[in-house]
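Chains A and B, in that order, are what the protein sequence lines are.
For the first sequence, the working numbering assigns the number 2 to the initial residue and increments by one for each residue that follows.
For the second sequence, the working numbering assigns the number 941 to the initial residue and increments by one for each residue that follows.
We put the CB at the ideal spot given by N, CA and C, even for glycine.
To start, the structure under review is shown below, and the notes come after it.
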Amino acid sequence: MSGSLEQMYQQVILDHAKHPHGRGLAEPADGHLRGESHQVNPTCGDEVTLRVDVVADGAGGAVVSGVSWEGQGCSISQASVSVMTELVTGRGLADVRELDATFHALMASRGKGLDDEAALESLGDGEAFTGVSQYPARIKCALLGWAALKDSLARSGALADPTGGTDD
Amino acid sequence: MTAADTVRPAQAEALTASELAAVRADFPLLGRTVRGGKPLVYLDSAATSQKPNVVLEAEVEFYEQRNAAVHRGAHQLAEEATEAFESARSAVASFVGADDGEIVWASGATAALNLVAYAFSNATAGRGGAAAERFRLEPGDEIVVTEAEHHANLVPWQELCARTGAVLRWFGVDDDGRIDLSDVDDVITDRTRIVAFGHVSNVTGAVGPVADLVAAARRVGAYTVLDACQSVPHLPVDLRSVGVDFAVFSAHKMLGPTGVGALYARRELLEAMPPVTTGGSMVEVVTMEGATYAPPPQRFEAGTQMVAQAVGMGVAAQWLDELGMARVARHEHELAAELLRITEIPGVRVVGPTDTTDRLAVVSFVVDGVHAHDVSQVLDDRGIAVRVGHHCAQPLHRRFGVAATARASASVYTTVDEITAFREALTGVRAFFGAE
Chain A
2 MSGSLEQMYQ
12 QVILDHAKHP
22 HGRGLAEPAD
32 GHLRGESHQV
42 NPTCGDEVTL
52 RVDVVADGAG
62 GAVVSGVSWE
72 GQGCSISQAS
82 VSVMTELVTG
92 RGLADVRELD
102 ATFHALMASR
112 GKGLDDEAAL
122 ESLGDGEAFT
132 GVSQYPARIK
142 CALLGWAALK
152 DSLARSGALA
162 DPTGGTDD
Chain B
941 MTAADTVRPA
951 QAEALTASEL
961 AAVRADFPLL
971 GRTVRGGKPL
981 VYLDSAATSQ
991 KPNVVLEAEV
1001 EFYEQRNAAV
1011 HRGAHQLAEE
1021 ATEAFESARS
1031 AVASFVGADD
1041 GEIVWASGAT
1051 AALNLVAYAF
1061 SNATAGRGGA
1071 AAERFRLEPG
1081 DEIVVTEAEH
1091 HANLVPWQEL
1101 CARTGAVLRW
1111 FGVDDDGRID
1121 LSDVDDVITD
1131 RTRIVAFGHV
1141 SNVTGAVGPV
1151 ADLVAAARRV
1161 GAYTVLDACQ
1171 SVPHLPVDLR
1181 SVGVDFAVFS
1191 AHKMLGPTGV
1201 GALYARRELL
1211 EAMPPVTTGG
1221 SMVEVVTMEG
1231 ATYAPPPQRF
1241 EAGTQMVAQA
1251 VGMGVAAQWL
1261 DELGMARVAR
1271 HEHELAAELL
1281 RITEIPGVRV
1291 VGPTDTTDRL
1301 AVVSFVVDGV
1311 HAHDVSQVLD
1321 DRGIAVRVGH
1331 HCAQPLHRRF
1341 GVAATARASA
1351 SVYTTVDEIT
1361 AFREALTGVR
1371 AFFGAE
């Protein structure tokens, strides 16, 4: 196997695909906001149903207190949802938006990664997806979960919450 | 005629090694490398075939020497362009055993199927006068398809039903991916008006029970529509002896250009059909109040046509004719057997028939524990191009309980060595993903 294939399928990705985080839909706690989104990649039939549990952080903002999901798809899409679940759980909405933008920038980098090392590090295991960005046909696999997250946050009402301070 | 009658590979002479080498030398793209210098192993011909030099040259020659609008203008170029366009129609017609007047150009098989569906729709709306009455659909009429259809031979019929009140019914498939006709007398009845089916499945490679379906449709006076996209490039096909009313196929799967395909319809049907796409070139007399329409095939060819592509399609048909479709079928029959040897690899499961009887060299498969996308990525890393996904046949994939399969498909230029390389690469896939 050549180097680029191994760059794409890094062990951390294969591990997440085999033992994904957050798999299995969970109901949000009482009083929390709930948002759910179903996303499909029509070219390959991959799909994910993702649910967020969002709670006010007491300081005028909102925090993603839980992410759970069900899905089927390739190792890239499944690992990406798993990594994202780890990354955003417990984070405020502004952080989530920043992570989403950083991950999208990484996917647009055509395998070059990001110059901003701090930004890259902020992605945690998500950094391992640099190799995926060399393959245009696979980028949407990696973004499927992020699309579901964005949509479920919008559906939760958290983004429109006048006290949330997030004016998306 | 049974399905088996359409495939007689043993009667033709195999391609010799030097003939196959000469065939391959005719396809410039096959000489390129991919993914860092690896020879290309192109096993995605069911999606689109590669093109021989003569096809590429015919398009260039048309633009360099003959380019003009056809069927209008009296200058020399217009004459030559029209001649090239109509000669191509003759070549395509004779390739499938039809008359010139029975071939209508379309942008591809999808457009051709929609043309047929909309002709029924327009007749139902009262267009086409008394001649088109025969195509009128009433609420409660039935249109029959199969669970194995490509979306192009399914969705247009769903839409036609929605517009007319007709009801869609279908045959299921068995565990081998063969059309299950055990309930034929329940499915094809006096209410049936149209029976639409594929000649060869683009997923399972199975040759459909065409003769049985045609016979059943004839018993009740229903029209038959054949999706011949996956048969015409690979088998000798004589549409008149197949006996269908309508058939469609695309140039780009039979070594021709993209953007062109053919609708075959029996002449008397074309004569009676109302137009679908309207505009220039398909009319006789136009006033501010209305128009009368040209006879077929021009009635169905509104607007400036894809002339260079049509010329290319004609040349592709001639190229295949010269090699001989029986020999093409014989060669690909051997390739099908080689492809099916993937069943010897642990964890690999074929979706479709696993023997070469009445099946072509299109083999879809799943690898236990590894998603099709991941399978194809490993193959691609070795320079091997296969298709992944649902291959525009979601209901068939649902029938087999899978969202996606990988598919390897051959054409006349494919070699046994390429399929050996494919099998070797596939053997390593499960280990790479730790699925063993």
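At a C-beta separation below 7 angstroms, Gly1329(B) has these neighbours in chain A: Thr44, Cys45 and Gly46. Counting C-beta pairs closer than 8 angstroms gives three or more between the region 1131-1146 of chain B and the region 1329-1336 of chain B, which meets the contact rule. Contact annotation for Leu100(A) against chain B: no contact, minimum CB-CB distance about 24 angstroms [criterion: below 7 angstroms]. Rounded to the nearest whole angstrom, the C-alpha separation of Asp1167(B) and Pro1236(B) is 21 angstroms. Nearest neighbour of Met1222(B) by Cα position, chosen from Cys1169(B), Gly1201(B), Thr988(B) and Thr1244(B), turns out to be Thr1244(B). The Cβ neighbour count for Leu1077(B), taken over all protein chains shown within 10 Å, is at least 16; the residue is labelled buried. In the three-state reduction of the DSSP assignment, Gln11(A) falls in the coil class. At least one CB atom of chain B sits nearer than 8 angstroms to the CB of Leu15(A). Taken in chain order, the members of the region 128-150 of chain A whose beta-carbon sits within less than 9 angstroms of a beta-carbon on chain B are Tyr136, Ala138, Arg139 and Cys142. Counting only runs of 4+ residues, the alpha helix (DSSP H) found wholly inside the region 947-1003 of chain B occupies 957-965 and 993-1001, in chain order. Shown in chain order are the members of the region 51-83 of chain A whose Cβ falls below 9 angstroms from a Cβ of chain B: Gln73, Gly74, Cys75, Ser76, Ile77, Ser78 and Gln79. Cα atoms of Ile1324(B) and Tyr982(B): separation of roughly 6 angstroms, rounded to the nearest angstrom. Taking a Cβ-Cβ cut-off of 9 angstroms, the neighbours of Asp1314(B) in chain A comprise Tyr10, Ala18, Cys75, Ser76 and Ile77, given in sequence order.
In the DSSP assignment, the residues bridged to Thr1086(B) are Phe1111(B). Between His1330(B) and Cys75(A) the beta-carbon gap is near 14 angstroms, outside 8 angstroms, which marks them as no contact.
Residue pairing by DSSP places Glu71(A) opposite Thr50(A) in a beta bridge. By the neighbour-count criterion, in which 16 or more other beta carbons inside 10 Å mark a residue as buried, Lys151(A) falls on the buried side. With a threshold of 8 angstroms between beta carbons, Val1318(B) makes contact with chain A. Where Thr1367(B) is concerned, there is no enclosing beta strand (DSSP E), although the alpha helix (DSSP H) around it starts and stops at Val1356 to Thr1367. Apart from the 5 residues on each side of it in sequence, Thr1355(B) sits with its Cβ closer than 7 angstroms to the Cβ of Leu960 in its chain, given in chain order.
For Gly1374(B), the closest Cβ of chain A is nearer than 8 angstroms. Look at Leu94(A): its C-beta is not under 8 angstroms from any C-beta on chain B. In the DSSP assignment, Gln40(A) falls within the beta strand (DSSP E) that extends over Leu34 to Asn42. Counting along the chain, Leu1203(B) sits inside the beta strand (DSSP E) bounded by residues Gly1201 to Ala1205. When DSSP states are grouped into helix, strand and coil, Ala1162(B) belongs to the coil group. The C-beta separation of Arg1370(B) from Val1310(B) comes to about 6 angstroms, placing the pair in contact by the 8 angstroms criterion. Residue state for Ser1141(B) is assigned as coil, using DSSP reduced to three classes.
For the region 1299-1311 of chain B, residues whose beta-carbon sits nearer than 9 angstroms to a beta-carbon of chain A comprise Val1310 and His1311.
Note on the region 1280-1346 of chain B: whole alpha helix (DSSP H) runs with a minimum of 4 residues are 1312-1321 and 1334-1339, in chain order. Look at the beta carbons and you see the region 65-83 of chain A touching the region 2-20 of chain A: at least three pairs across the two are nearer than 8 angstroms. In this structure, Val1113(B) lies near Ala1088(B), with their beta-carbon atoms less than 8 angstroms apart.
Contacts with chain A (Cβ-Cβ distance below 7 angstroms) from the region 1043-1057 of chain B involve no residue at all. Cβ neighbours of Asp1178(B) within its own chain (closer than 8 angstroms, five residues either side excluded): Val1036 and Gly1037. With respect to the 8 angstroms criterion, Ser81(A) and Ala143(A) are classified as neighbours on the basis of their beta carbons. By the neighbour-count criterion, in which 16 or more other beta carbons inside 10 Å mark a residue as buried, Ser985(B) falls on the buried side. In the three-state scheme derived from DSSP, where H, G and I count as helix and E and B as strand, Val1225(B) is classed as strand.
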